Amino acid sequence: MRAPTSALSVVEPSDLAKWIAGTLVVAYAVITMIPLLWIFATGFKTPDDSISYPPKIFFTPSIEGYCNLFTTRSRQTADYINALPSPTSACDRIARGRNMVVAGPSNYVPRFTNSLIIAFSSTFLSVFLGVLAAYGFSRFKVPMADDLLFFILSTRMMPPIAVAIPIYLMYRNLGLTDTKLGMILLYTAVNISLSVWLLKGFMDEIPREYEDAAMVDGYTRLQAFWKVVLPQATTGIAATAIFCLIFAWNEYAFAVLLTSSVAQTTPPFIPFIIGEGGQDWPAVAAGTTLFLIPVLVFTVLLRKHLLRGITFGAVRK
Amino acid sequence: MTNVIEQAAAATPAKTAAYIRGLSDRAIAWLFITPAILLLLAINIFPLIWTIYLSFTNYKANRSGALIQSVGLDHYTDILTDPDIWNGMQVTARFVVSTIAIETLLGFGLAYLIDRKFRGHAFWTTIILIPMMLSPAVVGNFWTFLYQPQSGLFTYIIGFLAGVSPSSIQMIGDVKLAPWSIVIVDVWMWTPYVMLICLAGLRSIPSYIYEAAEVDRASPLRQFFTITVPMALPFIMLAVLFRGIENFKMFDMINLLTNGGPGSLTEVVSITLKREAFEKWRTGYSSAFAVILFVSVFGLANIYVKALNKVKQR
Numbered sequence: 165m166r167a168p169t170s171a172l173s174v175v176e177p178s179d180l181a182k183w184i185a186g187t188l189v190v191a192y193a194v195i196t197m198i199p200l201l202w203i204f205a206t207g208f209k210t211p212d213d214s215i216s217y218p219p220k221i222f223f224t225p226s227i228e229g230y231c232n233l234f235t236t237r238s239r240q241t242a243d244y245i246n247a248l249p250s251p252t253s254a255c256d257r258i259a260r261g262r263n264m265v266v267a268g269p270s271n272y273v274p275r276f277t278n279s280l281i282i283a284f285s286s287t288f289l290s291v292f293l294g295v296l297a298a299y300g301f302s303r304f305k306v307p308m309a310d311d312l313l314f315f316i317l318s319t320r321m322m323p324p325i326a327v328a329i330p331i332y333l334m335y336r337n338l339g340l341t342d343t344k345l346g347m348i349l350l351y352t353a354v355n356i357s358l359s360v361w362l363l364k365g366f367m368d369e370i371p372r373e374y375e376d377a378a379m380v381d382g383y384t385r386l387q388a389f390w391k392v393v394l395p396q397a398t399t400g401i402a403a404t405a406i407f408c409l410i411f412a413w414n415e416y417a418f419a420v421l422l423t424s425s426v427a428q429t430t431p432p433f434i435p436f437i438i439g440e441g442g443q444d445w446p447a448v449a450a451g452t453t454l455f456l457i458p459v460l461v462f463t464v465l466l467r468k469h470l471l472r473g474i475t476f477g478a479v480r481k
Numbered sequence: 071m072t073n074v075i076e077q078a079a080a081a082t083p084a085k086t087a088a089y090i091r092g093l094s095d096r097a098i099a100w101l102f103i104t105p106a107i108l109l110l111l112a113i114n115i116f117p118l119i120w121t122i123y124l125s126f127t128n129y130k131a132n133r134s135g136a137l138i139q140s141v142g143l144d145h146y147t148d149i150l151t152d153p154d155i156w157n158g159m160q161v162t163a164r165f166v167v168s169t170i171a172i173e174t175l176l177g178f179g180l181a182y183l184i185d186r187k188f189r190g191h192a193f194w195t196t197i198i199l200i201p202m203m204l205s206p207a208v209v210g211n212f213w214t215f216l217y218q219p220q221s222g223l224f225t226y227i228i229g230f231l232a233g234v235s236p237s238s239i240q241m242i243g244d245v246k247l248a249p250w251s252i253v254i255v256d257v258w259m260w261t262p263y264v265m266l267i268c269l270a271g272l273r274s275i276p277s278y279i280y281e282a283a284e285v286d287r288a289s290p291l292r293q294f295f296t297i298t299v300p301m302a303l304p305f306i307m308l309a310v311l312f313r314g315i316e317n318f319k320m321f322d323m324i325n326l327l328t329n330g331g332p333g334s335l336t337e338v339v340s341i342t343l344k345r346e347a348f349e350k351w352r353t354g355y356s357s358a359f360a361v362i363l364f365v366s367v368f369g370l371a372n373i374y375v376k377a378l379n380k381v382k383q384r
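In order, the protein sequence lines correspond to chains S and P.
Numbering of the first sequence is given in my numbering, commencing with residue 165 and proceeding in unit increments.
Numbering of the second sequence is given in my numbering, commencing with residue 71 and proceeding in unit increments.
Structure below.
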């Protein structure tokens with residue numbers, strides 16, 4: 165329903181104001197996108213092109229960065245390489261051009277898989293526990309509800325390194341250091357605050373009358389929760405899940421301190437993609453690009469709920 | 071009404087069914103809330119209590135066999151009189167204040183422009199929001215690439231604009247520039263965050279207020295300072311609160327960008343804490359530091375929230 169526009173409607177900005185505002189905003193957006201576009205482009209450069217001076221905007225694309233990201237290579241003598249049968253893959257050919265042979269797969273895929281497993285499992289757990297707790301807080305008179313909710317939120321204010329000190333000791337005693345289970349539990353605990361606060365907001369918006377009507381029809385409280393409230397809350401649950409997923413996906417401090425090889429996720433791994441003589445920037449850029457793409461997709465999906473998510477439900481539009 | 075529920079009811083043993091139906095609302099409330107609270111107790115509160123205990127001891131995590139001795143309040147007095155710690159506090163304070171100042175001005179400005187509702191504003195808003203969703207660690211890492219002394223894109227552009235040789239610009243290594251290098255990345259990443267909250271504030275102002283002001287012939291400048299800014303203020307303060315807490319505990323981006331260097335010029339408290347706890351392994355000492363940090367964040371946030379509520383009530 166639109167408000168009737170009268171001659172008095174002075175709120176609409178003039179065309180000139182809109183044009184100026186649009187130009188400035190687009191300029192800002194384009195400038196802030198340059199670093200990301202540069203990283204994307206660097207993934208397709210050769211190591212030499214990536215550090216050339218002046219920086220190369222136009223270059224011949226190469227898949228060497230992606231090859232180096234997914235493989236490890238070893239240097240060999242020209243005689244040894246000449247004696248080999250002809251290369252079986254493009255990556256093999258590129259490596260031989262640099263007097264190297266592909267020695268095996270790199271650790272990128274296992275690290276990426278760890279990220280997927282840890283992020284999805286912890287998201288599932290924190291949303292599951294969050295849905296229950298949020299329903300409890302939203303629908304029932306819980307004694308000291310405000311204190312409990314504030315307590316839940318305050319766990320998020322602690323600096324991660326401060327939390328990591330006792331967690332490190334605790335995990336060492338429990339044998340959870342460098343395990344996926346340990347990281348899943350930790351990320352679940354960190355994300356519960358967000359998931360309870362967001363989901364409580366979403367559930368507060370579902371009218372109680374729906375459940376009351378269902379219970380009059382003979383549903384028990386649990387059935388009403390399962391059959392009436394949950395379906396109504398699907399959008400909220402999905403948005404909350406994506407927020408938890410992004411947090412767990414991006415997390416670095418705990419990952420770098422508590423994991424080393426078995427359970428290491430992608431963020432602590434990417435900076436250590438080393439080539440000959442320092443960081444192999446095309447490979448780092450390739451790894452970064454692949455790591456960021458899921459988040460880009462999720463950001464677009466989430467755009468209507470972003471505000472709510474980043475303010476813990478304090479601002480709902 | 072023959073449906074799944076009845077089938078399920080019929081299939082459930084009578085005893086269990088009676089038990090489930092008999093669950094009072096209060097029982098369900100506790101049943102639902104307890105698991106979340108238990109997990110938080112195990113992973114947040116128990117470790118916190120442990121940290122408090124360790125902060126009074128000389129425990130070192132790399133010598134776990136050694137006898138744990140109580141040192142009383144020694145760690146706390148040491149920390150509060152240690153010039154290095156105060157240096158870290160100052161670095162953090164400068165980082166927090168400068169990032170918040172720039173992000174608030176830029177973010178509010180952007181929100182104000184986007185609120186002019188030009189064509190395609192929704193699309194460009196989404197584009198602008200992208201940096202804040204990325205992993206701070208990965209962002210810090212790839213900015214070191216953009217900051218490379220000669221080949222880095224950032225140094226090249228700045229050198230080009232300022233007319234100096236890009237090989238002379240050392241964003242991360244230079245004493246004057248290093249503190250700005252972390253501020254620039256933080257601003258790049260988090261201005262959208264402030265913008266989004268400010269935008270919500272601007273959109274919450276009902277248009278009839280502006281119409282009334284127009285009828286009263288208030289100038290646009292006056293409208294901006296008597297309507298727009300005061301009414302958006304609670305939102306701006308909320309953004310400042312969240313950014314303040316987040317940047318106070320900032321670790322990942324700085325760890326990968328400068329790791330506190332050069333010297334300790336960008337060594338924010340989280341980096342100091344990591345050094346003490348996981349490089350020097352002074353677990354007792356760093357526990358005391360962690361407790362001090364937690365109390366500071368908590369105290370500041372509480373004061374700030376009270377101020378925020380006052381503004382909201384106006």
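Positions of the beta carbon are idealized from the N, C-alpha and C atoms, including for glycine.
All values reported here derive from a predicted model rather than from experimental measurement.
Can you check DSSP and say which residues form a bridge with residue i?
i: S/Q443; result: S/I438
i: P/S140; result: P/T127
i: S/P269; result: S/T235
i: S/M264; result: S/R239
In chain S, which residues lie with their C-beta within 8 Å of the C-beta of residue i?
i: P/R189; result: K182 and G186
i: P/N211; result: I434, P435, V448 and T452
i: P/N114; result: T319, M322, V327 and A353
i: P/W258; result: T196 and P199
Assign residue i to buried or exposed, taking buried as 16 or more other Cβ atoms, counted over all protein chains shown, within 10 Å of its Cβ.
i: S/F411; result: buried
i: S/F389; result: buried
i: S/G261; result: exposed
i: S/Q443; result: buried
i: S/L465; result: exposed
i: P/F321; result: buried
i: P/M202; result: buried
i: P/S205; result: buried
i: S/Q428; result: buried
i: S/P168; result: Residue confidence for S/P168 is low, a pLDDT of 47 falling below 50, so the modelled location carries little weight; the figure read from the coordinates is stated next. S/P168 should be labelled exposed.
i: P/Y278; result: exposed
i: P/P290; result: exposed
i: P/E173; result: buried
i: P/S238; result: exposed
i: P/Q139; result: exposed
i: P/N372; result: exposed
i: P/Y263; result: buried
i: P/I115; result: exposed
The alpha helix (DSSP H) spanning residue i covers which residue range?
i: S/I245; result: A242 to A247
i: P/R273; result: A248 to R273
i: P/F230; result: L223 to A232
i: P/F193; result: H191 to M203
i: S/W390; result: Where S/W390 is concerned, there is no enclosing alpha helix (DSSP H), given that its DSSP letter is neither H nor E.
i: P/M241; result: Taken as a continuous stretch (DSSP letters only), P/M241 belongs to no alpha helix (DSSP H), as it is neither H nor E.
i: P/T342; result: V339 to F348
For a contact defined as C-beta to C-beta under 7 Å, what are the partners of residue i on chain S?
i: P/Q220; result: Y217
i: P/P105; result: L293 and L296
i: P/S238; result: In chain order: nothing, as chain S lies at least about 13 Å away.
i: P/P117; result: V327, P330, I331 and M334
i: P/T353; result: I329
So which residues on chain S does residue i lean against when the C-beta distance must stay under 9 Å?
i: P/K350; result: Those do not exist, as P/K350 stays about 12 Å from chain S at its closest Cβ, beyond 9 Å.
i: P/L308; result: T475, A478 and V479
i: P/S140; result: Under the 9 Å cutoff, chain S gives no residues; its nearest Cβ is about 17 Å from P/S140.
Residue i versus chain P: which residues are under 7 Å apart at the beta carbon?
i: S/A193; result: W194, I197 and I198
i: S/M197; result: I197
Name, please, each residue of chain P whose Cβ falls closer than 8 Å to the Cβ of residue i.
i: S/F455; result: S205 and V208
i: S/W445; result: F215
Check the Cβ of residue i against every Cβ in chain P and list those closer than 9 Å, keeping chain order.
i: S/P371; result: Per Cβ cutoff of 9 Å: no residues; S/P371 is ~18 Å from chain P at best.
When the Cβ atoms of the stretch 385-405 of chain S are set against those of the stretch 260-278 of chain S, are three or more pairs found closer than 8 Å?
no
Does the count of Cβ pairs from the stretch 183-199 of chain P and the stretch 177-186 of chain S closer than 8 Å reach three?
yes
With three or more C-beta pairs closer than 8 Å as the rule, is the stretch 274-291 of chain S touching the stretch 252-261 of chain S?
no
Count Cβ pairs between the stretch 410-424 of chain S and the stretch 323-340 of chain S that sit closer than 8 Å; are there 3 or more?
yes
Cβ pair count under 8 Å reaching 3, the stretch 346-360 of chain S against the stretch 292-299 of chain S:
yes
Quick one: any contact between the stretch 372-382 of chain S and the stretch 331-338 of chain S, if contact means 3 or more CB pairs under 8 Å?
no
contact_flag[the stretch 363-372 of chain S, the stretch 150-163 of chain P] where n(CB pairs < 8 Å) is 3 or more:
no
Do three or more CB pairs link the stretch 295-309 of chain P to the stretch 263-276 of chain P at distances below 8 Å?
yes
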